[in-house]
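To start, the structure itself, in structure tokens.
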Amino acid sequence: MSYKIELKDPAFVQGINAGNFDDIALQVFAHQYEHNEIYHAFTKALGVDPSGVKNIEQIPFLPISFFKTHRVVSDTAEPAFVFESSGTTGETPSRHFVTDAVVYRESLLRGFKQFYGDPKDYVILALLPSYLERKNASLVHMAKVLMEESGHPDCGFYLDEWDKLASVLARLEAGGQKTLLLGVTFALLDFAEAHPMQLQHTVVMETGGMKGRREEWTRRQVHEFLMDKWQLANVHSEYGMTELLSQAYSLGGGMFNASDTMKVLIRDINDPLEVKKTGSGCLNIIDLANINSCSFIAAEDIGNMHADGRFEVLGRLDHAALRGCSLMVVL
379 MSYKIELKDP AFVQGINAGN FDDIALQVFA HQYEHNEIYH AFTKALGVDP SGVKNIEQIP
439 FLPISFFKTH RVVSDTAEPA FVFESSGTTG ETPSRHFVTD AVVYRESLLR GFKQFYGDPK
499 DYVILALLPS YLERKNASLV HMAKVLMEES GHPDCGFYLD EWDKLASVLA RLEAGGQKTL
559 LLGVTFALLD FAEAHPMQLQ HTVVMETGGM KGRREEWTRR QVHEFLMDKW QLANVHSEYG
619 MTELLSQAYS LGGGMFNASD TMKVLIRDIN DPLEVKKTGS GCLNIIDLAN INSCSFIAAE
679 DIGNMHADGR FEVLGRLDHA ALRGCSLMVV L
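For the sequence shown, counting from 1, position 229 maps to 607 in the working numbering; every step adds exactly one.
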């Protein structure tokens with residue numbers, strides 16, 4: 379490995395780039411094998427010798443469902459905060475214990491600036507009713523950090539105050555103010571239906587999430603509806619989850635680019651140990667900002683990874699919680 383880092387320095391995320399990502403990932407793997415009890419046991423159960431791991435495709439990826447059943451940590455510090463998924467009735471939620479708020483903030487802001495520039499240039503409006511109604515949602519925390527960084531007095535969260543939100547958007551549009559409207563999918567659809575308007579200075583970013591609140595639509599159907607109602611050239615998307623501290627963004631068309639602290643690989647649907655850099659299959663995610671939990675996550679999303687580094691999310695595995703997790707019985 380030609381690039382060495384100090385993993386305990388939160389600023390290490392600022393030095394990550396395409397040229398040194400793999401080197402840093404291998405260092406993080408060695409660190410987490412040593413310090414993460416669950417990941418250590420999982421790696422041993424696979425029969426993987428860490429000294430033989432020479433590239434990122436050989437790194438074991440922990441099934442994401444472990445965040446529901448285990449405390450996945452690589453640090454002995456008390457958590458600064460805990461992200462918790464919504465789940466469904468009777469289902470155990472995922473919990474991500476975040477022990478270093480600085481690492482999270484550094485990663486989030488670096489990724490946002492990479493694709494959108496300085497948050498200070500934007501008014502951040504968040505239409506997140508289903509997330510605001512529960513505690514510890516990572517998406518709400520993300521929006522709060524962006525609002526704090528923006529500092530604009532018009533930043534704010536909205537449940538179902540559509541008339542107020544429409545009035546604020548109209549005023550910001552009239553003043554030519556750059557605005558980010560971040561919203562859960564079903565709420566954006568409902569709001570657009572009730573308040574069609576022309577948005578020339580607003581980036582609309584959907585975060586997914588129908589959760590039975592509306593008829594399930596494809597991402598393309600959602601985007602076409604929003605583009606029609608608000609006269610938009612495109613609709614942006616954010617790809618993130620409770621178990622990750624980094625994000626990927628689509629600036630239109632559902633094609634995602636990962637931030638510099640994140641890389642997506644593909645694993646075979648039927649053989650989870652077969653990992654490649656391009657093609658179709660299940661998503662394996664390396665999130666170097668997860669330095670104090672686990673940076674190597676086998677997600678339950680299906681997608682396509684393109685040679686240019688962009689990826690698409692096509693859906694979820696059927697019975698995802700039952701797949702790729704047979705080793706849980708030994709842990």
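Just so it is clear, CB atoms sit at the ideal spot from N, CA and C, and this is done for glycine as well.
(Q) Does K655 come out as helix, strand or coil in the three-state DSSP assignment? (A) coil
Q: For E652, I'd like the list of residues in its chain whose CB is within less than 8 angstroms of its CB, leaving aside the five on either flank, ordered along the chain.
A: R645, D646
Q: Report yes if the C-beta distance between F461 and H474 is below 8 angstroms; otherwise report no.
A: yes
Q. Can you give, in chain order, each stretch of the beta strand (DSSP E) that sits fully within the stretch 439–475 and has at least 3 residues?
A. 459–462
Q.
Buried or exposed for V582, going by 16 or more other Cβ atoms inside 10 Å?
A. buried
Q: Return no unless some Cβ of chain B is closer than 8 angstroms to the Cβ of A685.
A: No chain B appears in this structure, which consists of one protein chain only.
Q: Buried or exposed for T421, please, with buried defined as at least 16 other CB atoms from any protein chain shown within 10 angstroms of its CB.
A: buried
Q: Please name the residue or residues paired with D679 in a DSSP beta bridge.
A: R694
Q | Buried versus exposed, by CB contacts within 10 Å (16 or more), K432 | A | exposed
Q) S628 by DSSP, collapsed to three states: which one? A) strand
Q: Below 6 angstroms CB to CB, which residues in the same chain sit around T580 once its five sequence neighbours on both sides are set aside?
A: T557, L559
(Q) Can you tell me whether V501 is helix, strand or coil according to DSSP? (A) strand
Q: Please say whether L566 and E584 have beta carbons closer to each other than 8 angstroms?
A: yes
**Q.** Sub-8 angstroms separation of V481 and A667 beta-carbons
**A.** yes
(Q) For the alpha helix (DSSP H) containing F399, name the first residue and the last one. (A) 399–413
Q.
With H, G and I counted as helix, E and B as strand and the rest as coil, what does DSSP make of V613?
A. coil
Q. If you draw a straight line from the C-alpha of L577 to the C-alpha of E551, how long is it?
A. 7 angstroms
Q) With a Cβ-Cβ cutoff of 8 angstroms, do L786 and S508 count as a contact? A) A query on residue 786 cannot be resolved here, the shown segment of the chain reaching from 379 to 709 and no further.
Q.
Rounding to the nearest angstrom, what Cα-Cα distance links R549 and K542 in this structure?
A. 11 angstroms
Q: Could you pull the start and end residues of the alpha helix (DSSP H) that E584 belongs to?
A: Unbroken run through E584 is the beta strand (DSSP E), 580–584; no alpha helix (DSSP H).
**Q.** Distance between D538 and E511 (C-alpha atoms, nearest Å)
**A.** 12 angstroms
Q. Of all the options S429, N414, P441, which has the alpha carbon lying nearest to the alpha carbon of L366?
A. The requested residue 366 does not occur in the structure, where the chain is confined to residues 379 to 709.
**Q.** Residue range of the unbroken beta strand (DSSP E) whose run includes T563
**A.** Premise fails: T563 lies in the alpha helix (DSSP H), 563–572, not in any beta strand (DSSP E).
Q.
Which same chain residues end up closer than 6 angstroms to A455 when comparing Cβ atoms and leaving out the 5 residues on each side of it in sequence?
A. T477
Q | Cα-Cα separation, H601 to G631 | A | 8 angstroms
Q.
Quick check on the DSSP output: what are the complete beta strand (DSSP E) runs of length 3 or more inside the stretch 519–549, in order along the chain?
A. 534–536
Q | Nonlocal neighbours in the same chain, by C-beta distance under 7 angstroms from F399, ignoring five residues either side | A | K641
Q: Leaving out five residues on either side along the sequence, give the residues of the same chain with a beta carbon under 7 angstroms from the beta carbon of I663.
A: L622, M640, V642, I675, A677
Q.
With distance defined between alpha-carbon atoms, name the residue in I437, V451, V523, H409 nearest to I416.
A. V451
Q. Just reading off the beta strand (DSSP E) that L577 is part of, what are its end residues?
A. That residue, L577, is in no beta strand (DSSP E); it is neither H nor E in DSSP.
Q: Using the Cα positions of M525 and A423, report the straight-line distance between them to the nearest angstrom.
A: 43 angstroms
Q: Would you kindly check if the distance between the Cβ of M633 and the Cβ of R598 is under 8 angstroms?
A: no
**Q.** Through-space distance from M575 to C756, alpha-carbon basis
**A.** Outside the shown range of the chain (379 to 709) lies residue 756, about which nothing can therefore be said.
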